[in-house]
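Input: a single structure, listed below in structure tokens.
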Amino acid sequence: MAPSHSANSNTAKIPTSHTLWSPHDTIKDVADTLGITAHLPEEVSKNLAMDVEYRIHEILEQAMKFMRHGKRKTLTVQDVDRAMKVLNLEPLYGYDVSRPLVFKEAMVGAGQTLYYVDDDDVDFEKIINRPLPKVPRFTSYTAHWLAIEGVQPTIPQNPNPNEIKQLLPSQRGSIDNMFNLNNNDYTVATNPNTGLTSVEQAQNQKKDLDVKPLVKHILSKELQLYFDRAVAALKDDTNDTLRMATYESIRSDPGLHQLVPYFIQFIAETITHNLKSIDLLTTMLMVINSLLTNKSLFLDPYIHALMPCVLTLLLAKKIGPTQGTPDELNSHLNIRGFAAQLLGKMIEQYGSSYNTLKPRVTRTLLRAFLGSTTKNSVGTQYGAIKGMKYLGAEVIRIIMVGNLNSWSIAVLDNLDKNDENRKKLIDSVYECLSDLAKDAELIDGAAKKRKLNNEDSMDVDSLTEEQKEKLADRVGKILANDILSRENSVAVYNGIFFGEE
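Given below as structure tokens:
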């Protein structure tokens, strides 16, 4: 059996193509046309045929990708051209999908039919004498306000108000109007069959269509004057009475909706360029608080612009002066505390409208809390702790307490025991843990409250050694020792481990 198997394997023809089209025969035909058949060995032609087939498969695979990305089920010539361009190959010429291909047939022999594409005759004289086309411009794009709260601003990209006024009311706001605009002159075409102008025909066709006319953005002189006076009063450090009156006006005036984006832009620019001025930063936070307090303003579309301003003042590394008295150097803590209060207020008011607002802010605070361990980042960590405090007990228990041990090792261990910043961080963390104790008392009911009240009056030693070790493992040794030195250490312990068996 072995010899016959060897003979069959030698006589068997190894296929060089798995498709109906045979590239091997095509290579031979091309070689015959070029007159190099005698110099083209059989093995070379087979390898060349296999390479040609591979290249064709590669081009078709790329073309299919363009077809699928174009949401189409028909492969076009443009897809093949793009595929060849991606593969750094010279694209095809002479084929266009703008018109269908017309195939003609010709008899080249007995029973042999050749199909070909009929080409149009081209007059070279007309092509040579034809003027050159214009050089195409580079693709570019720009953004502009089409409308702000339904009011179009007067900018070059929007329609000219004078041109809109000259249009008929039924045509204002319509995309398809029948006017030919040329140097502010209007020409109206008349249909000779009906005797009606194109505008009248359009009106008859769109009787039942309610078209909203275009409205330009108009900021009254009174509002402009009010905004200028308000900005001047907010920047004036000498007149506190006028500044307080401005706060109250923004807080209670019901007609300031059109000025909301202008106030937000003013706040963002002032914060960006005045991070060392404590007075101006406090003023901007007061303005944000006034806007949030005004019940007549619809601030939902502007929360994405207000949130970066608040987070900047909460988590920025350097706020306030770099030199001065200790009180001046520590004034940034008040700014961060006020910003944390506004952050909690914004989450409470608009967290239901934007479901992802609170999770995104929480992730930002966690990155700031664990992101840096240098002394320059103490203000950032203080702001992150304050921010988590105003986000609620759930964030404190899951996000803060779960990372306190690693944070204590990375931050508190690297600070000197007598460093004032170290004490501030520990006190701010203790405030958050105290909120957990209060929240545990409210949730657990009267029985738990009585138990915690009894334990609060007990001595620090009322916690067992096992509980102290458990507390140190959860929050770190430094924070555990600080909690045990407090009067309500048992309540804080119960708040940290509330709900755990």
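By our numbering, the letter at position 327 of the sequence shown is numbered 1179, and the numbering carries on one by one without gaps.
Glycine included, C-beta positions come from ideal geometry on N, C-alpha and C.
Q) Whose C-beta lies closer than 8 Å to the C-beta of LYS956 among residues of the same chain, with five residues either side of it excluded? A) TYR967, TYR968, VAL969, ASP970
Q) Between ALA1120 and the rest of its own chain, which residues show a CB-CB distance below 6 Å, the 5 nearest in sequence each way excluded? A) Counting only Cβ-Cβ distances below 6 Å, and skipping sequence neighbours, we find CYS1161.
Q | Neighbour-count burial assignment, PRO875, 16 or more Cβ in a 10 Å radius | A | buried
Q: Would you kindly report the start and end of the unbroken beta strand (DSSP E) that includes GLN964?
A: 964–969
Q. Considering only residues of the same chain and omitting the five flanking positions on each side of ASN1257, which have a CB-CB separation below 8 Å?
A. Excluding residues within five positions, the ones whose Cβ falls inside 8 Å are ASP1325, ARG1326, VAL1327, GLY1328.
(Q) Between the alpha carbons of PHE1221 and TYR906, how many angstroms are there, rounded? (A) 56 Å
Q) Hey, how far is the Cα of ASN1182 from the Cα of GLU1100? A) 28 Å
Q) With a Cβ-Cβ cutoff of 8 Å, do ILE1171 and ILE1155 count as a contact? A) no
Q | Straight-line gap, ASP1088 to GLN1319 (C-alpha atoms, nearest Å) | A | 56 Å
**Q.** Nearest-angstrom Cβ-Cβ length linking PRO1173 and LYS1128, presumed shorter than 8 Å
**A.** Confirmed, Cβ separation roughly 6 Å.
Q | Sufficient close CB pairs (3 or more, under 8 Å) joining the segment 1135–1147 to the segment 1194–1201 | A | The segment 1135–1147 is in contact with the segment 1194–1201.
Q) From GLU1015, THR1214, LEU1149, ILE1248, pick the residue whose C-alpha is nearest to that of GLN1110; which is it? A) LEU1149
Q.
Three Cβ pairs or more, each shorter than 8 Å: is that satisfied between the segment 1258–1267 and the segment 1204–1212?
A. no
**Q.** Whole-angstrom distance between ARG924 and LEU939, CA atom to CA atom
**A.** 22 Å
Q) Counting along the chain, where does the beta strand (DSSP E) carrying GLY961 start and finish? A) 955–961
Q) Cβ of ASP1325 within 7 Å of any heavy atom in the ligand FMN? A) Annotation note on the ligand FMN: not contained in the displayed structure, which lists no ligands.
Q: Could you please give me the residues that DSSP links to ILE1000 through a beta bridge?
A: VAL1003
**Q.** Beta-carbon proximity check, GLY1235 vs LEU1167, cutoff 8 Å
**A.** For GLY1235 and LEU1167, yes; Cβs fall inside 8 Å.
Q: Select from ASN1010, PRO1106, PRO985, PRO988 the residue whose C-alpha is nearest the C-alpha of THR994.
A: ASN1010
Q. How long is the line joining the alpha carbons of ASP1291 and ILE1251, rounded to whole angstroms?
A. 16 Å
Q. Got a sec? Which residues, its chain only, sit under 8 Å from ASP1131 by beta carbon, not counting five neighbours each side?
A. ASP1089
(Q) At the level of alpha carbons, what is the spacing between ASP931 and GLU894? (A) 34 Å
Q: Could you tell me if PHE1190 is buried or exposed, where buried requires 16 or more neighbouring beta carbons within 10 angstroms of its beta carbon?
A: buried
Q) My guess is that MET1136 and ILE1123 are in contact by the Cβ rule of under 8 Å, so how many angstroms apart are they, rounded? A) For a cut-off of 8 Å, the C-beta gap from MET1136 to ILE1123 is around 6 Å, short enough to register as a contact.
Q. Within 10 angstroms of its Cβ, does ARG982 collect 16 or more other Cβ (buried), or is it exposed?
A. exposed
Q) For HIS996, which residues from the same chain have a beta carbon less than 7 Å from its beta carbon, with the 5 sequence-adjacent residues on both sides left out? A) Counting only residues of its own chain and dropping the five nearest sequence neighbours on each side, HIS996 has a CB closer than 7 Å to the CB of ILE1007, GLN1009.
Q.
Going by beta-carbon coordinates alone, are LEU1185 and ILE1248 separated by less than 8 Å?
A. no
(Q) Only counting the same chain, and skipping five residues up and downstream in sequence, which positions put a Cβ closer than 6 Å to that of GLU1180? (A) PRO1173
Q) For ALA901, is the classification buried or exposed, using 16 other Cβ atoms within 10 angstroms of its Cβ as the cut-off for buried? A) buried
Q.
If I measure Cβ to Cβ from THR1098 and keep anything under 7 Å in the same chain, skipping five residues before and after, which residues do I get?
A. ALA1082, ALA1085, LEU1086
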